[in-house]
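Engineer:
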Amino acid sequence: MSARNIFTRPARLAAIAPYGWMVLFFLVPFGFVLKLSLSQVANAQPPYLPVFDLGAGWQALVAAVSALSLDNFRLLLSDNLYLSSGLRSLTVAATATALLLAIGYPIAYAMSRLPRRWQPLAMILVIVPFWTSFLIRVYAWINILQHDGLLNQVLLTLHIVSEPVVWLSTDTAMYIGMVYSYLPFMILPLYATLSKLDPALLEAAADLGASPLQSFWRVTLPLSLPGIRAGALLCFIPLVGEFVIPDLLAGSDSLMIGQTLWLEFFTNRDWPVAAATAVMLLAILLLPLVIYDRFQRRQMVRS
Amino acid sequence: MEALSETTPQASAGAALPLLRIDAVGKRFGGFTAVDDLSLDIKAGEFFALLGPSGCGKTTLLRMLAGFEMPESGRILLNGEDVASMPPHRRPVNMMFQSYALFPHLNVRDNIAFGLRRAGVSRVEINARVAELVALVRLEGLEKRRPEQLSGGQRQRVALARAVARRPRLLLLDEPLAALDKKLRDSTQRELLALQRKLGLTFIVVTHDQDEAMTLADRIGVMNAGRLVQVATPRQLYEEPRSRWVAEFVGDINIVEGRIEARDAGRLRVTTQGAGVLTALAPRGFGDVADVCVAIRPEKIRLSQRAPADNSGASTINRLEGTIADVNYLGSASSYTIALDGGATLRASLANAARVNADAYAVGQRVTAWFSPDDCVVLDR
Chain A
1122 MSARNIFTRP ARLAAIAPYG WMVLFFLVPF GFVLKLSLSQ VANAQPPYLP
1172 VFDLGAGWQA LVAAVSALSL DNFRLLLSDN LYLSSGLRSL TVAATATALL
1222 LAIGYPIAYA MSRLPRRWQP LAMILVIVPF WTSFLIRVYA WINILQHDGL
1272 LNQVLLTLHI VSEPVVWLST DTAMYIGMVY SYLPFMILPL YATLSKLDPA
1322 LLEAAADLGA SPLQSFWRVT LPLSLPGIRA GALLCFIPLV GEFVIPDLLA
1372 GSDSLMIGQT LWLEFFTNRD WPVAAATAVM LLAILLLPLV IYDRFQRRQM
1422 VRS
Chain B
-16 MEALSETTPQ ASAGAALPLL RIDAVGKRFG GFTAVDDLSL DIKAGEFFAL
34 LGPSGCGKTT LLRMLAGFEM PESGRILLNG EDVASMPPHR RPVNMMFQSY
84 ALFPHLNVRD NIAFGLRRAG VSRVEINARV AELVALVRLE GLEKRRPEQL
134 SGGQRQRVAL ARAVARRPRL LLLDEPLAAL DKKLRDSTQR ELLALQRKLG
184 LTFIVVTHDQ DEAMTLADRI GVMNAGRLVQ VATPRQLYEE PRSRWVAEFV
234 GDINIVEGRI EARDAGRLRV TTQGAGVLTA LAPRGFGDVA DVCVAIRPEK
284 IRLSQRAPAD NSGASTINRL EGTIADVNYL GSASSYTIAL DGGATLRASL
334 ANAARVNADA YAVGQRVTAW FSPDDCVVLD R
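The listed protein sequences derive, respectively, from chains A and B.
When you number the first sequence by the working numbering, it's gap-free, plus one each residue, and the end is 1424.
When you number the second sequence by the working numbering, it's gap-free, plus one each residue, and the end is 364.
The structure is reproduced here in structure tokens:
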């Protein structure tokens, strides 16, 4: 069989399908958002200008295109609110990802060391919170963290604190919520790489004089890097745009970019600025992905 | 580690103790006894093979020597020091793994240097030692490659270089050649032997391949069900098996059961089931048993179309009449199955000494199979 025949017609169609999906459900909607971000807010229905009307003729279309401008992006760069909320999003997401890694790695490691027959059960236990709605779980945390909530009651009963601690509407509460909600996304890819680790490699390391700590540092950790990268990306990217957790658990003195977007869209009814914020958010998120891709490609070339 | 490898084992332990003494070691997994009250001495510089079927406990024994399993009873004395409960990273013992267990994220150089770095050897010396080892296993030019970019034979050599890098007093090899194809295995066997002689190390190799054990080892310990059933040189093991199990496990052999009828002048006369009366050399120290079996290797049997004349007098050579039932041509030799008139079946192996197949026997042909009493081994049933 010649190499050309590998791609038969059905196979070619199947290869096109994911691209079709991306165009239809990502590229086309993103085109709308991009166009919206270049429009101006208007007291109208829909609440922006210009509106493309294909029925109004060529002249009208040219006029509409020339009416598009980068004004919204200039606003985003000039007003401190957007930059600071963007910056806060990045630092919060990075901090939460670091916390997730610090908590998730030992759990994933312990799971991979369990006897084989117990591992599926441990996996189910990690996934089981997903069976309850995300929103309900975050509200449950409000309940736990509030002034007379479970956490303060326990701390008071154990005499660890003498009066109730303010948890709610603090960054601590937000990080608790984030770590709790995103932990499975960190654990599962880590577990996947750690459970594939050949135990003979650790025996070889010990045989060659490496203490358990050295074996971890020189063998386990480097070999789990793909899992660390995947888990960190899976958590970091949605965390940057996270809206619900900071809105419900953090204070209102500083906003994450997702909250800013929400404010522009629903409170200010400024769809074009909201769209520009969304485009900026996407740009921020694409950056680490592009870097990651470059990194991986370079590694492939090297080996 | 440096200091230890420079003192000779004899000097530090006294002449009485061997390099390694395994003393009544036992290990169970749940209800399964993997190693059963096993004792063994191994001398410095020896190439020792542990041979046995899978599940006989040979790998468990090796893993206890490396420190990956803790024995439940007994002692493991290395140079007189009990290391039975010492963790693997403190033992002056290295192992070459069956899967090689090369670190996939490190290149050849770093794999070989791994043990030296952990031992705190200086950078200059590591460079020198690695270069020396790379040359020793002929991997020059491949230092920067990762394991996945190497062939099976190259990986095997990296694993070997890594295992000997720390100059262990004892090197354990778990099925070192099992993953190689036949041609490569033969050349690697020779290299392994040369390396062991050159470095003067003590090797213990675990294998299920008896040809490998025979070729490599000074002594072979045959294991079955957690016990050593015989420890001997390859020749003794093959020619003087001490039990029926060993005789049948090592090499190919014909076994007929029978009763001892008479003993005189170092000869036993055994009436067999299916092969008439056989004369056999009386083994030394054989107990007063009547029910025995007579074992004879296929290559010790000769065939002829007429019964050979016996010059030495009454029936000292065993002669059995029969018909060729099957012929297997194997290249250097042919294997003949002979249905004896007495009812038993005998296998004989004859070298194909001439290219033209003039004296080969055909199926259905009448033959006399004959062999010397000295070539018969009498064993307890």
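Using N, Cα and C, we set each Cβ at its ideal position, and we do this for glycine too.
Only a predicted model underlies this, so the values are computations on that prediction, with no experimental measurement involved.
Please check if any C-beta of chain A sits within less than 8 Å of the C-beta of F51 (chain B).
Structural biologist: Closer than 8 Å to some Cβ of chain A, the Cβ of F51 (chain B) qualifies, so yes.
Engineer: Determine the closest residue to R289 (chain B) out of B:Q348, B:D274, B:G257, B:L264, with distance taken between C-alpha atoms.
Structural biologist: For the residues B:Q348, B:D274, B:G257, B:L264, the minimum Cα distance to R289 (chain B) belongs to B:Q348.
Engineer: So that I know if they touch, is there some Cβ in chain A lying closer than 8 Å to that of G(-3) (chain B)?
Structural biologist: Residue confidence is low: G(-3) (chain B) scores 47 on pLDDT, short of 50, so the model does not pin down where it sits. Its coordinate-derived value is still stated next. Chain A, which has no Cβ nearer than 8 Å to the Cβ of G(-3) (chain B), makes this no.
Engineer: At least one CB of chain A closer than 8 Å to the CB of G98 (chain B): is that the case?
Structural biologist: Judged by the 8 Å Cβ criterion, G98 (chain B) is in contact with chain A.
Engineer: Among B:L89, B:A148, B:E55, B:G135, whose alpha-carbon lies nearest the alpha-carbon of A118 (chain B)?
Structural biologist: Answer by Cα proximity: B:A148.
Engineer: Please decide whether P71 (chain B) counts as near chain A, where near means a Cβ-Cβ distance under 8 Å.
Structural biologist: Chain A contact via Cβ: present.
Engineer: Within 8 Å of any Cβ in chain B, is that where the Cβ of A1428 (chain A) sits?
Structural biologist: The structure shown does not extend to residue 1428 (chain A), since chain A is modelled only from 1122 through 1424, so no value can be given for it.
Engineer: List the residues of chain B whose Cβ lies closer than 9 Å to the Cβ of P1343 (chain A), in chain order.
Structural biologist: Per Cβ cutoff of 9 Å: F86, H88, L89.
Engineer: Taking the alpha-carbon positions, what's the Y319 (chain B) to A111 (chain B) distance?
Structural biologist: Spanning the two alpha carbons is a distance of roughly 57 Å.
Engineer: In its own chain, which residues sit with a C-beta less than 7 Å from the C-beta of E(-15) (chain B), not counting the 5 before and 5 after it?
Structural biologist: Bear in mind that the predicted position of E(-15) (chain B) carries a pLDDT of just 39, short of 50, making it unreliable; the figure below should be weighed with that in mind. Nothing meets the Cβ criterion.
Engineer: Examine chain A for any beta-carbon lying closer than 8 Å to the beta-carbon of R112 (chain B), and answer yes or no.
Structural biologist: For R112 (chain B), the answer is no, since every Cβ of chain A falls outside 8 Å of its Cβ.
Engineer: Report the neighbours of Q1335 (chain A) on chain D: residues whose CB is nearer than 7 Å to its CB, in chain order.
Structural biologist: The displayed structure is made up of protein chains A and B, and chain D is not among them.
Engineer: For R58 (chain B), return the contacting residues in chain A, with the cut-off set at a CB-CB distance below 7 Å.
Structural biologist: Within 7 Å Cβ-Cβ: nothing; R58 (chain B) doesn't reach chain A, min ~21 Å.
Engineer: Of the choices B:V189, B:L154, B:A161, B:R152, whose alpha-carbon is the least far from that of R138 (chain B)?
Structural biologist: Considering only alpha carbons, the answer is B:A161.
Engineer: Please return the same chain residues whose Cβ sits closer than 7 Å to the Cβ of L(-13) (chain B), not counting the five positions on each side in sequence.
Structural biologist: Legend: pLDDT at L(-13) (chain B) = 39, less than 50; position of this residue unreliable, value from coordinates given subsequently. The residues are P75.
Engineer: Using 10 angstroms around the beta-carbon of D1174 (chain A), count the other beta-carbons present and answer buried if the total reaches 16, otherwise exposed.
Structural biologist: With fewer than 16 other Cβ atoms within 10 Å, it is exposed.
Engineer: Tell me the DSSP secondary structure of V346 (chain B) in three-state form.
Structural biologist: Correct three-state label for V346 (chain B): coil.
Engineer: By Cβ distance, which residues of its chain are closer than 7 Å to G1372 (chain A), with the 5 residues on each side in sequence left out?
Structural biologist: Answer for G1372 (chain A): S1290, T1291, listed in chain order.
Engineer: Assuming I203 (chain B) and L34 (chain B) make a contact with CB atoms under 8 Å, what is their CB distance in whole Å?
Structural biologist: Rounded, the Cβ-Cβ distance is 5 Å, consistent with contact.
Engineer: Give me the residue from B:P130, B:R4, B:W228 with the minimum Cα distance to D93 (chain B).
Structural biologist: Of the candidates B:P130, B:R4, B:W228, the one whose C-alpha sits nearest the C-alpha of D93 (chain B) is B:P130.
Engineer: At 4 residues or longer, and completely inside the stretch 129 to 207 of chain B: list those alpha helix (DSSP H) runs for me, N to C.
Structural biologist: For the stretch 129 to 207 of chain B, whole alpha helix (DSSP H) runs of length 4 or above, ordered along the chain, are 135 to 147, 165 to 182, 193 to 199.
Engineer: Could you tell me which chain A residues have their CB closer than 7 Å to the CB of S355 (chain B), listed as they occur along the chain?
Structural biologist: Under the 7 Å cutoff, chain A gives no residues; its nearest Cβ is about 50 Å from S355 (chain B).
Engineer: Quick one: is W1338 (chain A) near chain B, going by C-beta distance under 8 Å?
Structural biologist: Not one chain B Cβ lies under 8 Å of W1338 (chain A).
Engineer: Evaluate E244 (chain B) with the Cβ neighbour count: other Cβ atoms within 10 Å of its Cβ, from every protein chain shown; 16 or more gives buried, anything less gives exposed.
Structural biologist: By the 10 Å Cβ count, E244 (chain B) comes out exposed.
Engineer: Identify the residues that DSSP records as bridge partners of Y312 (chain B): which are they?
Structural biologist: DSSP output for Y312 (chain B) lists B:S317 as bridge partner(s).
Engineer: Would you please verify whether the beta carbon of M1122 (chain A) is less than 8 Å from any beta carbon of chain B?
Structural biologist: Low confidence applies here, because M1122 (chain A) scores a pLDDT of 43, under 50, leaving its location unreliable; read the following figure in that light. Not one chain B Cβ lies under 8 Å of M1122 (chain A).
Engineer: L1140 (chain A): buried (16+ other C-beta within 10 angstroms of its C-beta) or exposed?
Structural biologist: Here residue 1140 (chain A) is Tyr; the residue named in the question, Leu, does not match the sequence. That one is exposed.
Engineer: According to DSSP, is E1324 (chain A) helix, strand or coil?
Structural biologist: Reduced to three states, the DSSP call for E1324 (chain A) is helix.
Engineer: Cβ closer than 7 Å: which chain B residues qualify as neighbours of G1348 (chain A)?
Structural biologist: Under the 7 Å cutoff, chain B gives no residues; its nearest Cβ is about 13 Å from G1348 (chain A).
Engineer: DSSP three-state call for I5 (chain B): helix, strand or coil?
Structural biologist: Reduced to three states, the DSSP call for I5 (chain B) is strand.
Engineer: Under 7 Å Cβ-Cβ, which residues of chain B neighbour A1325 (chain A)?
Structural biologist: In chain order: F80, A84.
Engineer: Determine the DSSP secondary structure at L303 (chain B), reduced to helix, strand or coil.
Structural biologist: Residue state, collapsed to three classes: strand.
Engineer: Quick check on DSSP: helix, strand or coil for R289 (chain B)?
Structural biologist: Of the three classes helix, strand and coil, the one that applies to R289 (chain B) here is coil, per DSSP.
Engineer: Out of curiosity, what's the CA-to-CA distance linking I1349 (chain A) and I1248 (chain A)?
Structural biologist: In a straight line, the C-alpha of I1349 (chain A) is about 19 Å away from that of I1248 (chain A).
Engineer: Which value, in whole angstroms, describes the spacing of the CA atoms of E1363 (chain A) and D1374 (chain A)?
Structural biologist: So the alpha carbons of these two residues sit roughly 16 Å apart.
Engineer: Under a Cβ-count criterion, where at least 16 other Cβ atoms within 10 Å of its own Cβ denotes burial, should P1367 (chain A) be classed as buried or exposed?
Structural biologist: Per the 10 Å Cβ criterion, buried.
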